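The block underneath contains the structure these notes are about, expressed in structure tokens.
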Amino acid sequence: MAENVADPSGDESGDRYRNAGYEDADVSHPVHVPGGREAVGTLDSPDADRVVVACPPHPQYGGSRSDQRLRAVSDALAPEIACLRFDYGEWDGGRGERTDAENALAWARTEFDAVGLFGYSFGADVALRAAAAADGDAPAALSVLAPPSELSDGAAVEALDTIDCPVQVVYGERDETVEWRPVVDRARELGHAVESLPADHHFVGQADRAAELVSQFFSERL
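In this note's numbering, each residue carries its 1-based index in the sequence shown increased by 54.
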């Protein structure tokens, strides 16, 4: 099992990575997410005092921390806000993947002053359910991109009713891959921030614009 490179005894985020043997605290660093599921991540802009945990799309369809949409969000957040892009552990039908997100949030809370949560596609479902399950320890803000209305073992629409933090939903008007309308409609009913783009599910040609919307949301709320 890989060792977490973060040194929780450090007072500054940059110092904890220098103490771990890295000379440059401004570049990306690997992180082992505690919790026993072998989830690993990449922490971008680790010198920041705020962080966004980013959940990737479906791992059985090639989704990973290297996803273009996650990278675009990380780039838009930098350098003011760090981004922990992580890979899920062994496939577990959505249950273990939500656990990975919860564990990543728990790790981030020990290292940063403020923590947000982001997810794209399947990762949006994971993020919504992880935030709903936070039970008094919700992230400071949640943003989801192209959220499906229902996947794995839980309904994203129902999760919205129990999330206790500011929420942003960004969707593509031409998305025919997932059924996003129930999530968007319920988010509007609850008064959450909803943004639309003239894009498909993959946000071809619109990934940077989507990332700008997400970055602005977190910049104002973390």
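Glycine included, C-beta positions come from ideal geometry on N, C-alpha and C.
Only a predicted model underlies this, so the values are computations on that prediction, with no experimental measurement involved.
- request: Determine the direct distance from the alpha carbon of THR153 to that of ALA264, and round the result to whole angstroms.
  value: 26 Å
task: Check whether the region 254-269 touches the region 193-205, taking contact to mean three or more Cβ pairs, one atom from each stretch, closer than 8 Å.
output: yes
message: Give me the DSSP bridge partner(s) of SER197.
response: PHE172 and GLN222
field: Where ARG275 sits in the DSSP three-state scheme
entry: helix
- request: Please state if the CB of THR216 and the CB of ALA186 are separated by a distance shorter than 7 Å.
  value: yes
Outcome for ARG104 when other beta-carbon atoms lying within 10 angstroms are tallied against a minimum of 16: buried
- request: For my contact list, ALA162 and VAL107 are in at a C-beta cut-off of 8 Å; report their separation, rounded to the angstrom.
  value: 5 Å
- prompt: Should VAL221 and HIS246 be called a contact, given that it needs their Cβ atoms to be closer than 7 Å?
  reply: yes
- prompt: Which value, in whole angstroms, describes the spacing of the CA atoms of GLY95 and ASP189?
  reply: 24 Å
- prompt: If you draw a straight line from the alpha carbon of ARG228 to that of ALA253, how long is it in whole angstroms?
  reply: 5 Å
query: Beta-carbon separation of ALA93 and GLY143 under 7 Å?
result: yes
task: Please classify GLY117: does DSSP put it in a helix, a strand, or coil?
output: coil
task: Specify, as a first and last residue, the run of the alpha helix (DSSP H) that ASP53 falls within.
output: Any answer about residue 53 is impossible in this case: the structure gives the chain only from 55 up to 276.
- prompt: Does the distance from the C-beta atom of PRO110 to that of ASP121 stay below 7 Å?
  reply: yes
- prompt: Quick one: Cα of ASP101 to Cα of GLU243, how far?
  reply: 38 Å
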